[in-house]
Every structure is written in structure tokens, then in C-alpha cells.
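The structure under discussion appears below in the form of C-alpha cells.
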Amino acid sequence: MKKKLIQDTKSHFIQTFQNDAQYIFLSPGRINIIGEHVDYNDGFVLPAAINKYICFAVSKSGSSKCTVIAKDLDEKHEFDLNDTLQPIDKMWANYILGVLHQLKERTNNLEGFNIVFSSSIPMGAGLSSSAALECGFGYAMRKLFHLDLSKEDIALIGQKSEHTFVGVNCGIMDQFASVFGKKNKVIKLDCTTLEYEYHKADFKNHSLLLLDSKVKHTHLTSGYNTRREEVEQGFSILKQQFPHIKSFRDCTEAMVLETRELLGEVHFKRCFFVVKEIQRVLDAVNALENSNFKKLGELMCETHEGLSKEYEVSCEELDFLVDAVKNEKSVLGSRMMGGGFGGCSINLVEKGSEKEIIKTVSEKYKEAFGIDLQSYKVKISKGTSLYKK
Ligand code: GAF
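Given below as C-alpha cells:
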């Protein structure tokens, strides 16, 4: 699968530009074990890069002309490096233009380039194809033009590109996971300081199974930005009551409960979720370290309940997928993953039970929504990197 993706991207580059690409990069999608909607709330998250990638074939163009080809969409965007960059009506191009816009502000060392990219990350499935696109492009520019950028810089530039050129006020989790991913490791990321540590992704006789609701979401039109606003408003109310708190990290459940009336029901629910979710990540790391998978599964289920009822970012289809496996003995935990409003559920299941689960859920799902369920068994892989031939 990976080899074919690389081969097809390379061939397309040669066909288009009559030359071999100078470099090939692979930039992965991500899963998140737990810690949802807390990256932009100074919390902790526990993501990992996966073996689904965007592959980039890149070369200097030899002039100031830039050509970017989205092979899978059969679309191309051409421009001159000296053009003033602004968002255009091709969404995929904006992720790239947003990164380039920031690079142009930082350096004069850029020149024109040719790029073909192709992906094995399903789009709109909550596996963060957008962060893979931003970070892979950042890596390509760094290598082509010898830019002095750290991995953290590339992740932050990717995040800012999404804020400025796409209009989604996302947190840092997705870009960080795409860049810092490591084979068989999950990343415990402190989203306040960006300090991180790797933990062994050793699930013993369990595996992670993704069930794709096939409900496509885009955070631009979903309630993502609204959630962020609500929770920021909630926090400022909490801060009036408890001036010493610097972030949600310093908040307790008791403080939120005490402020319930002032917050109002919506803001209360959002803030209550955030405070509990931050703690759940810490508990989940302990559970993983102690191979306590029953506990880890329970925490994942609690997260789903909160995302669905308190943060209200699930949807009927995702709730159905989680409910459908709830009473299966071989399923320890299940929850919607990522920003929500569609995409995948992540399930911690007993190894060997995957086929049966997929069969049962697929039938029920088809009957309820008329949708053919898609499933992915993913491996935890390394982050964005130059592919060595
Ligand atoms: C999306 C965002 F891009 C992330 O920053 C994060 O907030 C996530 O939703 C929810 O945990 O993937």
C-alpha cells in the first residue's frame, strides 16, 4: 500500500514534469487514544501517527513558478512565488498556501517548486489529512531550500495555516502527532508547554479498530469554532470567580459545579467536559503503563459520553457505532475520535475479534443508515519523514 502510493506519486511527477522528483516525503495521519477538544484548552492529549500517509514528490522548478498537483483530485494550482498569497476557492490548496505565506514572512531563500501529492488517508474521516498536508509541505520546503526550521516550528506553522487560510481555529494536536509520531509509541503531549513524552503503544492482546461512519465533516462548517468560543467564554466566567486559575489545568470539577448557575447550562456542560477530559488523559496514561486495558476502555467510553452529551460534537451515526459495540464482550472501549460531527470511532478490542465486530456492526449500520461501514486496522508509525529509496 505504502509502496504503491510512493510509486504512483513518483510516476505522476515524472509524467507531468518529465523529470524524476528530487525528494519524496511521507506525512502521516493520526489517531488519538484519548484527550479530545482539550488541546486548545491547555490540556494533555495522547495521539499517535499511523500508517496512512500523504506522499509528496517535490523538486525545485528552476524559476519562480510554483505548481502543486493534487493527484487524487485531478486538480492543479499554479502561481508565481512573488504573487501575494491569499486563500482561494480550492480548499486543499489553502492548507499549502497558508504554510507558504508564513514561510515567505520568515525567509527570502524560497524559490519556485513543483509538487505532486497523493494520499492514502481517507479525507473527512477524522484522521487528520489536513495536518499531514501542511506538515509534509513544510518538510518539503525545509529540505528544498535549507530552511532553518525545527519540527516544532513546522507543526506550529501548520496550525497557523489552518487558522489563517482555512478558518479553523484548531489546536496543535494533529500537526504535532504528524511531525513527532514514532513507531509503536503514543505521544503524551502537554499542550500548554508543548513538552512531550513517548509511551509504549503496547496493547498486549488488544488492538485498535477504527470504524468510519462515512459522515464527512469539515471543521469549517461544523461547530468546531463555536465550541472553542463557548469554552473560552466559560473560562473567563470561571476566572472571575477563581482569579488564581491560569487555565483549565488549574480548574477542579468542584469549581465548575460551584459556578454552574453563573455559567448557564451550555457553558457549564462544555467546561465540565474539559476539566474531566484533562484528568482522563492522565488516568489513561497510567492505565496504559500498567496494562490496565479494562480501565483504559472505560475511560474511552466516558470520553464518548462527554463528547456526545456535554461537548455535543458527536452525531447520530457516531453514537450508533459506539452503542452498537457497547455490549460486545470483546470490546473494551469505544468512542468518537477527533473533532467530531462525523469521521471515525476508535475501538479498543480483543485481538482476533475484529472481523466479527466489523460484520455485526456493518449489518446494523447499513440497516439503520443505508451506509456501508468502512473499517481500518491501523499501525502506529513514525512521523513526517524523507523517504529513502
Ligand atoms: C481536530 C483539531 F484539529 C484538533 O486540534 C483537536 O482539537 C481535535 O479536533 C479534537 O480533539 O482534529
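In terms of the UniProt record's numbering, the sequence shown has 220 at position 220, counting the first letter as 1, and numbering is strictly consecutive.
Beta carbons: idealized from backbone N, C-alpha and C, even for Gly.
Quantities reported herein were computed from a predicted structural model and do not represent experimental measurements.
In angstroms, rounded to a whole number, what distance separates the CA positions of residue i and residue j?
i: E195; j: G35; result: 16 Å
i: S362; j: K216; result: 18 Å
i: L73; j: E312; result: 32 Å
i: E186; j: N32; result: For the sequence presented, residue 186 should be read as Val rather than Glu. For V186 and N32, the distance between alpha carbons rounds to 9 Å.
i: L26; j: C135; result: 10 Å
i: F176; j: L144; result: 22 Å
i: H199; j: L81; result: 42 Å
i: T193; j: I245; result: 16 Å
i: C301; j: F44; result: 18 Å
i: Y23; j: N114; result: 11 Å
i: S118; j: C55; result: 5 Å
i: T303; j: Y376; result: 21 Å
i: T107; j: S161; result: 16 Å
i: A57; j: I380; result: 23 Å
i: C344; j: G338; result: 8 Å
i: L133; j: Y95; result: 7 Å
i: G124; j: D20; result: 31 Å
i: E316; j: S334; result: 15 Å
i: S63; j: E111; result: 7 Å
i: K294; j: A324; result: 18 Å
i: E261; j: H12; result: 60 Å
i: F273; j: L307; result: 8 Å
i: K76; j: R227; result: 34 Å
i: E289; j: G352; result: 23 Å
Sorry if obvious, but does the Cβ on residue i come closer than 7 Å to a heavy atom of the ligand FMN?
i: D174; result: For the ligand FMN, the structure offers nothing, since it holds only the ligand GAF.
The ligand GAF and residue i: does the residue's C-beta get closer than 7 Å to at least one heavy atom of that ligand?
i: G181; result: no
i: C301; result: no
i: D212; result: no
i: E40; result: According to the sequence provided, residue 40 is Tyr. The question's Glu does not apply to it. Y40: yes, Cβ under 7 Å from the ligand GAF.
i: G342; result: no
i: E310; result: no
i: C135; result: no
i: S247; result: no
i: E36; result: yes
i: residue 390; result: One cannot answer for residue 390 here, as it falls past the ends of the chain, which runs 1 to 389.
i: S161; result: no
i: S128; result: yes
i: G352; result: no
i: G138; result: no
i: G338; result: yes
Of all the options the options, which has the alpha carbon lying nearest to the alpha carbon of residue i?
i: A93; options: E111, V68, G338, K3; result: V68
i: residue 391; options: Y95, L321, R30; result: Nothing in the structure corresponds to residue 391, since the chain is present only between 1 and 389.
i: I346; options: G370, L299, Y387, K366; result: L299
i: T164; options: L85, I380, L110; result: L85
i: L332; options: E354, S161, S150; result: E354
i: L278; options: V256, G138, H206, R249; result: Reading off the sequence shown, one finds Ile at residue 278, where the question assumed Leu. Of V256, G138, H206, R249, the residue nearest in Cα terms is R249.
i: D8; options: V168, N286, R227, V116; result: V116
i: A368; options: L318, V349, V378; result: L318
i: residue 399; options: C191, K182, G181, S236; result: With the chain covering 1 to 389 only, the question about residue 399 has no answer from this structure.
i: R142; options: V99, K204, L238; result: V99
i: I50; options: G297, N290, K2; result: K2
i: K214; options: S11, T360, G340; result: G340
i: K71; options: A287, G126, S120, K188; result: S120
i: G206; options: S150, N286, G297; result: Just to set this straight, residue 206 is His in the shown sequence, not Gly. That would be G297, whose Cα lies nearest to the Cα of H206.
i: Q159; options: Q102, D212, N327; result: Q102
i: D202; options: C271, K276, N292; result: N292
i: K359; options: E289, G383, L209; result: L209
i: K269; options: E230, K76, K52; result: E230
i: A254; options: V266, E265, L238; result: L238
i: S222; options: P28, G138, A131, G167; result: G167
i: Q374; options: T384, Q241, G342, K382; result: G342
i: L127; options: N184, G181, P28; result: P28
Please report the residue range of the alpha helix (DSSP H) in which residue i lies.
i: H12; result: 2-17
i: C301; result: 293-309
i: F341; result: Neither: F341 is in no alpha helix (DSSP H) and is coded neither H nor E.
i: H365; result: Looking at the sequence itself, residue 365 is Tyr, so the reference to His does not match. Here the alpha helix (DSSP H) through Y365 covers 354-369.
i: V322; result: 316-326
Mind checking which residues open and close the beta strand (DSSP E) that includes residue i?
i: G333; result: 331-336
i: D80; result: 75-80
i: K65; result: 65-70
i: I24; result: 23-32
i: Y376; result: 374-377
i: K60; result: 47-60
i: V186; result: 185-190
Can you confirm whether residue i, when its beta carbon is compared against all beta carbons of chain C, has any partner nearer than 8 Å?
i: S128; result: The structure shown contains no chain C; it holds only a single protein chain.
Problem - Every unbroken beta strand (DSSP E) within the UniProt domain "GHMP kinase N-terminal" (94-182), with a cutoff of 3 residues, ordered by chain - result: 113-119
Handout entry: Segments assigned beta strand (DSSP E), at least 3 residues, entirely inside the region 201-261
Key = 206-212
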